[in-house]
Amino acid sequence: MPLNTPQLETSILSILDDQAQRTDNPAQARKDFAHQLAVAITAHIKTGTVTTTGSATTQTGTIL
Numbered sequence: 003m004p005l006n007t008p009q010l011e012t013s014i015l016s017i018l019d020d021q022a023q024r025t026d027n028p029a030q031a032r033k034d035f036a037h038q039l040a041v042a043i044t045a046h047i048k049t050g051t052v053t054t055t056g057s058a059t060t061q062t063g064t065i066l
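Numbering-wise (the working numbering), the sequence shown opens with residue 3 and increments by one.
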């Protein structure tokens, strides 16, 4: 299954919208942004599927 890039884009825009509203603690906002972005990217990467091929001595099939 291909990666769901539109969903990642939506997640990033949501994070940026949240950050645009935060002015009380810029240092904490940056820290929260980094964490939220890392979570979104990790979730995005985990949606992908790697398909392999090979011989009897190598891995075959799908890696999730």
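Every residue, glycine too, gets a C-beta built ideally from N, C-alpha and C.
Query: Roughly how many angstroms separate the alpha carbons of Leu39 and Ile17, rounded to a whole number?; Result: 7 Å
Query: Since Leu5 and His37 should fall inside the 8 Å C-beta cutoff, what is the C-beta to C-beta distance between them, to a whole number of angstroms?; Result: Rounded, the Cβ-Cβ distance is 21 Å, inconsistent with contact.
Query: Hey, Ala31 and Ser13: beta-carbon distance below 7 Å or not?; Result: no
Query: Mapping the DSSP letters down to three states, classify Gln23 as helix, strand or coil.; Result: coil
Query: Determine the closest residue to Gln9 out of Thr44, Lys33 and Arg24, with distance taken between C-alpha atoms.; Result: Thr44
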